[in-house]
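*Asks:* Before we start, here is the structure in question, set down as structure tokens.
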Amino acid sequence: MAAAIIDGKKCAQDVKNEVAVEVQALKARGITPGLAAILVGDDPASAVYVRNKSLACNEVGIHSEIFRLSDNTKEEDLIRLIETLNNDRTFHGILVQLPLPKHLNERSIIESLDPLKDVDCLHTSNMGRLVDGSSIFTPGTPSGIQELLKRCGYHTDGKHVVICGRSNIVGKPAALLFIQKGDWANATVTVCHTGTKNLSDFTRSADILIAAVGRPKIITADLVKEGSVIIDVGINRVPDETKRSGYRLVGDVDFENVVDKVSAITPVPGGVGPMTVAMLLLNTLKSAQQTSSE
Ligand code: NAP
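Residues in the sequence shown are numbered consecutively from 124, following the working numbering.
Dropping the structure here:
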């Protein structure tokens, strides 16, 4: 049977529609949820991501502002801006688009965020809450994957979830989400990385395989189990002369060859990416709802 192509765009639109309804309800009570996005430097991919997040905010009625800083911004200046935004009641969420230019210490900058406005869930106190299962926010990409599986009816309970990649934004928090005792979690989780020997031994035993490596088509058909569910997080630019931009986006999964072997798979683009943005909107809404109940 042909694999189901998991439609991340549609699921994200459903989440956005739900968020829009709640935003209207908050606005009726005089509260407009707000998101501040900080973009440092001129990385073209980061600029596109921030723009898409801002457009998505507009779509659901969330106020958003982009704070653009130059490549050579000093750490203390960036931290000063974050502290100002921490105290600005217009903004319920603040995101710092990563990666930052090399001279900036990513960790100290993230730690300067008010954890209650850290809608990307990167502050150590929010990561700690994730370990404990008492999160205020759940990080966008991992919770987007969880929501996608939930909305499409792919159960994780008792399943072997194998995650390739252990970054702080995807691999590690995804592992923490899926090992929690609870609905749409409760999985047996394996995390693979460059230190993993015989990667295929793990990936081939995955009921659900999450690829978050950042290497085009590294997950080939021989690495996946027949009938498994494949979640492709990777967004890689590969040269393509037929495109005006000169490149196209591909995932970490060799989609064309894997699709015939599995029961469901996310495309790139149109899979996890839109869900990540939708979950950011949900977190901003939650943060605004929290302040309204104080
Ligand atoms: P990252 O910080 O570069 O982490 C990549 C991870 O993959 C690392 O843990 C690395 O292991 C592991 N890895 C690299 N080569 C490997 C190999 N040959 N075998 C096994 N593991 C390997 O990347 P990231 O930020 O997590 O992002 C991963 C990909 O997802 C990128 O393409 C990124 O653009 C994309 N992404 C997409 C979304 C979305 O919304 N769709 C969101 C975030 C990221 P070590 O730790 O040992 O180095």
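For glycine and all other residues, C-beta sits at the position ideal for the given N, C-alpha and C.
#1: Which of helix, strand or coil does DSSP assign to E188?
#2: Mind checking whether the beta-carbon of C134 lies closer than 6 Å to any heavy atom of the ligand NAP?
#3: I'd like to confirm something about R289: is its beta-carbon nearer than 6 Å to some heavy atom of the ligand NAP, or not?
#4: Per DSSP, what kind of secondary structure is L221 in: helix, strand or coil?
#5: Using CA coordinates, which residue listed in E270, L192, Q147, I161 is at the minimum distance from V183?
#6: Under 8 Å, with one C-beta from each stretch per pair, do the segment 367 to 379 and the segment 325 to 343 reach the 3-pair mark?
#7: Determine, using beta carbons only, whether R99 and H246 come nearer to each other than 7 Å.
#8: From the DSSP output, in three-state form, read off V385 for me.
#9: When you measure from the CB of T279 to every non-hydrogen atom of the ligand NAP, does any distance come out below 6 Å?
#10: Kindly indicate the opening and closing residues of the alpha helix (DSSP H) around Y172.
#11: Work out the CA separation of I154 and T319 for me, nearest whole Å.
#12: I need the DSSP call for I202, collapsed to helix, strand or coil.
*Replies:* In terms of the structure at hand:
#1: Indexing the sequence shown from 1 puts residue 188 at position 65. Strand, per DSSP.
#2: In the sequence shown, residue 134 corresponds to position 11, counting from 1. No - the ligand NAP has no heavy atom lying nearer than 6 Å to the Cβ of C134.
#3: Position 166 of the sequence shown, counted from the first residue, corresponds to residue 289. The answer is yes for R289.
#4: Stepping through the sequence shown from its first residue, residue 221 is reached at position 98. If DSSP states are grouped into helix, strand and coil, L221 belongs with coil.
#5: Here the question's residue 183 lines up with position 60 in the sequence shown. Comparing Cα positions, the closest option is Q147.
#6: With a cut-off of 8 Å, the segment 325 to 343 and the segment 367 to 379 count as touching, because enough Cβ pairs lie within range.
#7: Residue 99 is absent from the structure shown; the chain starts at 124 and stops at 417.
#8: In the sequence shown, residue 385 corresponds to position 262, counting from 1. It is coil, neither helix nor strand.
#9: As a position in the sequence shown, residue 279 is number 156, starting the count at 1. Not under cutoff, so the answer is no.
#10: As a working note, residue 172 is residue 49 in the sequence shown. Per DSSP, Y172 belongs to the alpha helix (DSSP H) from 167 to 183.
#11: Against the sequence shown, residue 319 aligns to sequence position 196. Against the sequence shown, residue 154 aligns to sequence position 31. So the alpha carbons of these two residues sit roughly 49 Å apart.
#12: As a working mapping, residue 202 is identified with position 79 in the sequence shown. Three-state DSSP puts I202 in a helix.
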